[in-house]
Amino acid sequence: MRNRASTVAAYAFLSLFFVAFLYPFLWMIASSLKPDLEIVSMGLTSSNYTLGNYLLVFSRAPVVRAFLNSLIVASAVTVSVVLFGAMVGYALAKVKWKGSVYLTAFLLFTMMLPFQLTLIPTYTLIVKLGLTDNLLGLILPNMLTAVAVIMFRQFFQSIPDTILEAARVDGCSEVKLVFKIVMPLAKPAVVTVAIITFLTSWNDVLWPIMVIRERDLMTLPQLVTTFVLGGEAESHLGAKLASATLLAVPIVVFYSFFQRSIVQSFASSGVKG
Amino acid sequence: MAEVNLEHVTKKYDGGVTAVNDVSFQVADNEFVVLVGPSGCGKTTTLRMIAGLEEVTSGTISIGGKVVNDVDPKNRDIAMVFQNYALYPHMTVYENMAFGLKLRKYPKAEIETRVKEAAQILGIQDFLDRKPKVLSGGQRQRVAVGRAIVRKPKAFLFDEPLSNLDAKLRVQMRTEISRLHHRLSATMVYVTHDQTEAMTMGDRIVLMKDGIIHQIDTPLNLYDHPVNKFAAGFIGSPAMNFFTGSITRDGGLQFRETSGVHFKLGGPLESSLGAYEGRTVVLGLRPEHIGIAGITTPASEATVPLKATVDVVEPMGNEIFVYFFTGSGTQYVSRVPAHRMLSHGEHVEFLFDCSRAHVFDTETEKAI
Ligand SMILES: Nc1ncnc2c1ncn2[C@@H]1O[C@H](COP(=O)(O)OP(=O)(O)OP(=O)(O)O)[C@@H](O)[C@H]1O
Ligand SMILES: [Mg+2]
Chain X
8 MRNRASTVAA YAFLSLFFVA FLYPFLWMIA SSLKPDLEIV SMGLTSSNYT
58 LGNYLLVFSR APVVRAFLNS LIVASAVTVS VVLFGAMVGY ALAKVKWKGS
108 VYLTAFLLFT MMLPFQLTLI PTYTLIVKLG LTDNLLGLIL PNMLTAVAVI
158 MFRQFFQSIP DTILEAARVD GCSEVKLVFK IVMPLAKPAV VTVAIITFLT
208 SWNDVLWPIM VIRERDLMTL PQLVTTFVLG GEAESHLGAK LASATLLAVP
258 IVVFYSFFQR SIVQSFASSG VKG
Chain Z
177 MAEVNLEHVT KKYDGGVTAV NDVSFQVADN EFVVLVGPSG CGKTTTLRMI
227 AGLEEVTSGT ISIGGKVVND VDPKNRDIAM VFQNYALYPH MTVYENMAFG
277 LKLRKYPKAE IETRVKEAAQ ILGIQDFLDR KPKVLSGGQR QRVAVGRAIV
327 RKPKAFLFDE PLSNLDAKLR VQMRTEISRL HHRLSATMVY VTHDQTEAMT
377 MGDRIVLMKD GIIHQIDTPL NLYDHPVNKF AAGFIGSPAM NFFTGSITRD
427 GGLQFRETSG VHFKLGGPLE SSLGAYEGRT VVLGLRPEHI GIAGITTPAS
477 EATVPLKATV DVVEPMGNEI FVYFFTGSGT QYVSRVPAHR MLSHGEHVEF
527 LFDCSRAHVF DTETEKAI
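Chains as they are written, first to last, in my numbering: chain X, 8 to 280; chain Z, 177 to 544.
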């Protein structure tokens with residue numbers, strides 16, 4: 008009996024948290040479907056549900072365009088980080104070379120630096136390269152990250168050398184070794200790095216705001232931010248909530264697809280999303 | 177197929193270890209050469225240098241007449257079978273075997289024919305679409321061998337491929353690899369620390385210790401004519417018995433063990449040992465050359481009887497190994513047919529056939 012009682016108590020307690028975390032999200036979705044006047048209420052229900060807010064957002068902001076931009080940038084960054092991260096990680100993990108320990112230490116050190124420190128120099132560089140108002144300006148500085156390199160290195164170190172040697176004797180070049188042997192064997196690492204990179208890139212607002220001015224080149228979070236804060240939504244609270252919902256939808260879809268891997272990723276990397 | 181040639185090959189590791197020291201030997205086309213020696217003697221290092229997995233510090237290695245010192249492993253056209261199999265865990269057995277051929281852009285049909293054929297030879301046709309992790313050790317080793325033979329390389333390199341298998345399977349795979357060698361008429365270099373494998377499989381044996389080659393010879397020559405004490409003691413199981421003593425002239429040439437065991441040296445030894453009169457030498461006698469009165473008959477006139485107490489008896493079925501001590505406290509072993517069982521504590525007369533004795537210099541350990 009006591010067992011059951013404590014179970015019930017635990018569930019009640021957890022449900023409280025569940026509601027506390029989920030309710031604002033549900034409220035946002037529900038309110039985005041209500042006329043502006045009704046949004047003041049904290050409830051979810053309304054007799055006048057409408058898509059008007061969404062129509063307003065779509066008519067005033069290039070949402071589809073921004074979604075595609077985000078998709079292009081996040082995908083390009085992810086592919087590049089996985090590709091180059093794996094190659095560098097392999098070199099650090101498996102190529103015997105005296106400097107590799109120091110290089111790894113140096114990479115770890117760069118991870119300690121707050122990104123604000125490199126923000127201005129990187130921005131200056133992008134301006135000099137003439138890549139402002141260009142999606143390349145969003146992709147280029149993020150094509151390789153120290154975190155990805157270190158994570159790949161750690162995973163790759165656990166692959167036995169003899170397997171690599173067998174492949175070399177079998178006729179494998181070092182590059183093919185990375186893609187045909189090492190990466191397939193380190194699938195969890197590849198998935199982890201890919202998910203974390205994709206989400207980080209997708210959610211980034213600060214950098215796009217610095218580099219992109221043209222509305223048609225904005226990423227989704229950037230567009231929503233400027234839409235909500237930049238006055239285009241005027242005082243239409245509903246439209247603001249609708250745009251926020253639009254921003255959340257791809258993440259929710261992405262999450263439901265990769266739920267299992269995402270949980271594992273964050274658990275294994277110790278990185279918060 | 178091709179010959180493999182090592183000339184004055186030396187390998188120094190970064191830590192300063194000289195793993196292989198001025199090693200030279202040739203493996204002829206289609207020859208099966210076994211590198212054997214105790215643990216840490218540099219066998220694996222030698223093999224890895226032939227494969228190109230380890231750089232040569234000095235000396236040259238050539239395969240098929242071409243110096244390969246600076247050639248990458250992938251361009252040496254050799255195949256290697258590793259002790260721990262080193263199969264690709266994410267590929268099926270078929271893919272494991274096809275990998276090398278795919279990299280070399282063989283047509284699909286050709287790959288399939290070769291893999292099927294190799295699988296047939298090795299009896300692994302039924303596992304082709306399984307992953308390595310569901311296979312037993314023996315099956316994995318077959319896949320590893322299969323992966324090597326589909327490539328039809330210039331030479332095969334084996335690094336203790338059987339040491340992870342149980343005793344019975346090891347013997348079975350041993351004959352299978354020997355059979356494969358004849359069937360493929362392939363050049364093979366085989367590393368093992370097991371002298372039985374070396375004796376049974378090799379056309380020739382390269383015997384190493386501490387990075388140095390001690391003897392290169394056919395198995396029987398190595399057994400009958402070891403060039404030094406190490407070779408004599410390493411090859412043969414149970415190992416050769418060694419007696420330390422001095423040479424005296426007392427009627428004829430005599431060998432007197434420190435504890436008093438006493439042999440008369442006859443035959444060819446008499447002339448070659450003349451110079452050692454008054455000096456200490458090591459005398460070696462294989463277990464089968466120590467008989468037991470009542471079980472064996474004296475093999476030659478040079479047979480010396482010695483009474484001793486039986487310590488441990490190991491019956492092998494067809495023969496027994498009898499361990500005993502002499503006055504010097506050294507353990508010796510005799511190997512006799514299993515006509516009669518002996519027991520611990522029994523006093524018997526051992527018959528030392530001194531015509532078969534090997535004699536070694538105490539300092540250089542070289543055979544005299
Ligand atoms: N990568 C390395 N770095 C430094 N020393 C090494 C390295 N590999 C081997 N050695 C040393 O070189 C010597 C020869 O090693 P090797 O592996 O060739 O011996 P082995 O004859 O194959 O022995 P085993 O029968 O135990 O496999 C040993 O003393 C070993 O410690
Ligand atoms: Mg070894």
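Where is the CB? At the ideal position from N, CA and C, for every residue including glycine. Computed from a predicted structure; not experimentally measured.
Would you tell me roughly how many angstroms separate the C-alpha atoms of residue i and residue j, rounded to the nearest one?
i, j, result
"Lys328(Z)", "Met364(Z)", "12 Å"
"Arg455(Z)", "Glu172(X)", "52 Å"
"Ile157(X)", "Pro215(X)", "26 Å"
"Gly178(X)", "Ser413(Z)", "40 Å"
"Thr420(Z)", "Leu459(Z)", "6 Å"
"Leu90(X)", "Cys217(Z)", "41 Å"
"Gly450(Z)", "Leu461(Z)", "20 Å"
"Ala83(X)", "Leu254(X)", "19 Å"
"Arg224(Z)", "Asp168(X)", "13 Å"
"Glu433(Z)", "Val457(Z)", "9 Å"
"Phe116(X)", "Met190(X)", "25 Å"
"Arg355(Z)", "Pro395(Z)", "18 Å"
"Ala295(Z)", "Thr351(Z)", "17 Å"
"Val278(X)", "Ser54(X)", "Because Val278(X) sits at a pLDDT of 45, beneath the cut-off of 50, its placement in the model cannot be relied upon, and the following sentence gives the value as read from the coordinates. Near 43 Å, if we compare the C-alpha coordinates of Ser54(X) and Val278(X)."
"Gly280(X)", "Ser263(X)", "Low confidence applies to Gly280(X): its pLDDT is 37, below 50, so where it sits in the model is not reliable, and the reading given next is rough at best. If I take the Cα positions, the gap works out to 15 Å."
"Phe536(Z)", "Glu181(X)", "51 Å"
"Val367(Z)", "Phe500(Z)", "34 Å"
"Val26(X)", "Val88(X)", "37 Å"
"Leu341(Z)", "Ile297(Z)", "19 Å"
"Ser77(X)", "Ile36(X)", "22 Å"
"Phe234(X)", "Val260(X)", "23 Å"
"Arg267(X)", "Ser234(Z)", "54 Å"
"Leu263(Z)", "Ala100(X)", "20 Å"
"Lys307(Z)", "Arg280(Z)", "23 Å"
Looking only at its own chain, which residues have a Cβ that is under 6 Å from the Cβ of residue i, when we skip the five neighbours before and after it?
i, result
"Gly240(Z)", "Ala178, Lys330"
"Ile353(Z)", "none"
"Ala204(Z)", "Glu179"
"Ser38(X)", "Ile46, Leu248"
"Ala174(X)", "Leu184, Ile188"
Based on Cα-Cα distance, which residue from the options lies nearest to residue i?
i, options, result
"Tyr61(X)", "Leu75(X), Pro42(X), Leu51(X)", "Pro42(X)"
"Ala475(Z)", "Gly450(Z), Ser531(Z), Ala408(Z), Asn340(Z)", "Ser531(Z)"
"Leu151(X)", "Phe24(X), Ser66(X), Phe205(X)", "Phe205(X)"
"Ile258(X)", "Lys247(X), Trp209(X), Arg222(X), Phe234(X)", "Trp209(X)"
"Thr479(Z)", "Asp426(Z), Asn340(Z), Val203(Z), Ala533(Z)", "Ala533(Z)"
"Thr85(X)", "Ala12(X), Ala201(X), Lys247(X), Tyr262(X)", "Ala201(X)"
"Tyr130(X)", "Ser54(X), Gln161(X), Phe25(X), Ile219(X)", "Ile219(X)"
"Ala249(X)", "Leu230(X), Arg160(X), Gln164(X)", "Leu230(X)"
"Thr538(Z)", "His184(Z), Asn404(Z), Lys250(Z), Met349(Z)", "Asn404(Z)"
"Gln164(X)", "Asp140(X), Val256(X), Ser107(X), Thr14(X)", "Ser107(X)"
"Ala246(X)", "Tyr56(X), Ala37(X), Ser48(X), Val64(X)", "Val64(X)"
"Ser361(Z)", "His523(Z), Asn206(Z), Lys187(Z)", "Asn206(Z)"
"Gly136(Z)", "Lys135(X), Lys105(X), Arg67(X), Leu40(X)", "Since the displayed chain Z opens at 177 and closes at 544, residue 136(Z) lies outside it and no answer follows."
"Thr376(Z)", "Gln315(Z), Met416(Z), Glu293(Z), Leu398(Z)", "Leu398(Z)"
"Lys250(Z)", "Val176(X), Pro128(X), Ser66(X)", "Val176(X)"
"Thr540(Z)", "Gln430(Z), Phe406(Z), Ser510(Z)", "Phe406(Z)"
Within its chain, find whatever has a CB closer than 7 Å to the CB of residue i; leave out the 5 residues flanking it on each side and keep chain order.
i, result
"Leu277(Z)", "Ile287, Arg290, Val326, Arg327"
"Asn245(Z)", "Val232, Thr236, Ile237"
If I measure Cβ to Cβ from residue i and keep anything under 8 Å in the same chain, skipping five residues before and after, which residues do I get?
i, result
"Val185(X)", "Ala93, Met94, Tyr97"
"Met118(X)", "Ala153, Val154, Ile157"
"Met384(Z)", "Val199, Leu211, Val212, Gly213, Cys217, Gly218, Lys219, Thr222, His390"
"Val486(Z)", "Val498, Tyr499, Phe500, Leu518, Ser519, His520, Gly521, Glu522, His523, Val524"
"Asp305(Z)", "Thr268, Val269, Tyr270"
Taking CB distances under 8 Å as the criterion, tell me whether residue i reaches chain A.
i, result
"Arg280(Z)", "Of the protein chains in the structure, X and Z, none is chain A."
For residue i, list the residues DSSP reports as bridge partners.
i, result
"Arg563(Z)", "Given a span of 177 to 544 for chain Z in the structure shown, any question on residue 563(Z) remains unanswerable."
"Thr456(Z)", "Ser422(Z)"
"Glu525(Z)", "Lys483(Z)"
"Pro491(Z)", "Ile496(Z)"
Does the distance between the C-beta of residue i and the nearest non-hydrogen atom of ligand 3 fall short of 7 Å?
i, result
"Thr368(Z)", "Ligands in the displayed structure: ligand 1 and ligand 2; ligand 3 is not one of them."
Validate contact between the stretch 213-230 of chain X and the stretch 70-81 of chain X using beta carbons, cut 8 Å, 3 pairs:
yes
Report yes or no: do three or more beta-carbon pairs, one from the stretch 225-245 of chain Z and one from the stretch 184-202 of chain Z, lie closer than 8 Å?
yes
For the stretch 468-482 of chain Z against the stretch 512-528 of chain Z, are there 3 or more C-beta pairs whose distance is under 8 Å?
yes
Quick check: the stretch 330-345 of chain Z against the stretch 255-270 of chain Z, are there 3 or more CB pairs under 8 Å?
yes
Decide if the stretch 186-199 of chain X is in contact with the stretch 119-138 of chain X; the criterion is three or more beta carbon pairs, one per stretch, under 8 Å apart.
no
Give a yes or no on contact between the stretch 421-430 of chain Z and the stretch 392-412 of chain Z, applying the rule of three or more CB pairs nearer than 8 Å.
no
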